[in-house]
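Residue numbering for the sequence shown follows the working numbering, starting at 148 and increasing by one per position. Presented below is the structure to which this report refers.
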Amino acid sequence: MKIHKIGFIGGGNMASSLISGLIASGHTPEQIWVSDINPDTLIDLAKQLHINTSVNNDDIINAVDVVVLAVKPQTLSAVAQSVAALIQQKKSLVVSIAAGINQNSLSRWLGADTAIVRCMPNTPALVLTGATALHANDKVTAEQRDLAENILRSVGIALWVNDEAELDAVTAVSGSGPAYYFLLMEAMEKAALELGLSEQTARLLVQQTALGAAKIALESAESPEQLRKRVTSPGGTTQRAIETFEQGGFTELVSKALHAARDRSIEMSKQMENF
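This is the structure in C-alpha cells:
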C-alpha cells in the first residue's frame with residue numbers, strides 16, 4: 148500500500164529513526180512532515196532528511212493522512228488534547244509510539260471516536276531491523292490497520308497483538324531490549340580490554356559476534372537453548388563461561404529485569420490515567 152503523507156508530532160530519537168527508515172525503504176521526504184517544540188531539532192531534521200517541518204502541530208495534521216504521536220509519555224496528554232478537535236474533524240488515523248500510554252487514555256484525550264493504533268517500535272528501526280507490536284482500537288478499519296502496519300513494516304517486522312496488555316510485555320522485551328544487548332556488549336568489551344585486547348579489536352569482535360549470533364538465531368529453526376548447546380562443548384571454554392554466568396544468577400536476573408520493565412510500563416499507564 149502506498150503511503151501518501153505521514154506526520155510526526157515530536158522529532159526525537161524514535162521519530163527520527165522511523166523517518167530515516169521510511170525514507171530508506173522508499174518513502175520520499177516530501178511525504179513526511181514533523182513538528183517539534185524545539186526549532187533546532189526541526190532545523191537538523193530538515194537539513195539531514197529534507198522533510199517538511201513546522202513548529203505548529205495543526206500544520207502537520209492538516210497536511211497528512213496519518214498522525215504519529217512521538218512525544219514523551221509525560222507530555223502526551225497535553226499534546227493530544229490540544230490537537231483533538233482537529234484530529235476529530237479530519238478523522239485522522241492516529242498512531243501512538245509512546246510507551247506506557249494505554250488506549251483508554253488516548254481515547255479520552257483524543258475523542259472516543261478516534262481511530263487509534265498503539266504500538267511499541269524500537270530504535271533498530273533506524274537500520275531497518277526494528278521490531279514493533281501493534282494494537283488497534285475498535286474504530287480502526289481494516290484499511291487503516293494495513294496503513295499503520297505498512298508504516299512500521301518499512302523499518303522492520305510488525306506484529307499485531309489481540310490483547311493490549313501484551314504491549315507492556317512487548318515494551319519490556321523489544322522496546323527496551325536493544326539497551327540490554329548494548330549493556331552486554333559494553334561489559335564484554337571491558338572484559339576483553341582486561342584480557343589484553345586493543346579497544347578496536349575488542350569492539351569489532353564483540354559487534355561481529357553479536358551480529359553473527361543474531362543472524363544464526365533468525366535463520367535457524369532451533370531454539371536459543373539448542374543453539375547455545377551446539378557451541379558449548381563439554382568441559383570446554385564456553386561451558387566454563389556459561390557456568391560462571393549461571394552461578395551469578397544470569398537467567399534469574401534477566402527475568403527480574405524484564406519484569407521490572409513490564410511493571411514500570413503498567414505503572415506509567417496508571418499514572419497517565421489520572422491526567
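All residues carry an ideal CB built from backbone N, CA and C; glycine is no exception.
Restricting attention to alpha helix (DSSP H) runs no shorter than 4 residues, the region 310–362 encloses them at 313–317, 324–341, ordered along the chain.
In the displayed model, T270 falls within a helix according to three-state DSSP. When A227, R300, I248 are compared, the shortest CA-CA separation from D205 is found for A227. Taken through DSSP and simplified to helix, strand or coil, H197 comes out as coil. Residue pairing by DSSP places I263 opposite V241 in a beta bridge. Assignment of T391 by DSSP, reduced to helix, strand and coil, places it in the helix class. Counted as a single uninterrupted DSSP element, the stretch harbouring A283 is not any alpha helix (DSSP H) but the beta strand (DSSP E) occupying residues 277–283. Going by C-alpha positions, L196 is about 26 Å away from F329. At a Cβ-Cβ threshold of 8 Å, V211 and G154 count as neighbours.
Bounds of any alpha helix (DSSP H) do not take in A305; it lies within the beta strand (DSSP E) bounded by 303–307.
Separation of D285 and A262 (C-alpha to C-alpha, rounded to the nearest whole angstrom) is 8 Å. Taking E311 as the centre and dropping the five residues before and after it, the same chain places the C-beta of Q250, H282 closer than 6 Å to its C-beta, in chain order. Taking C-alpha positions only, I207 is separated from S229 by approximately 13 Å.
The Cβ-Cβ distance between V264 and A245 does not fall below 8 Å. V214 has G154, V241 as its beta-bridge partners, per DSSP. The three-state secondary structure of I207, taken from DSSP, is helix. Non-local beta-carbon contacts of A408 in its own chain, meaning distances under 7 Å to residues more than five positions away in sequence, involve T318, A319, S323 in chain order. Around V202, the same chain offers S182, D183, I184, P186, L189 as residues with beta carbons nearer than 8 Å, after the five sequence neighbours per side are excluded.
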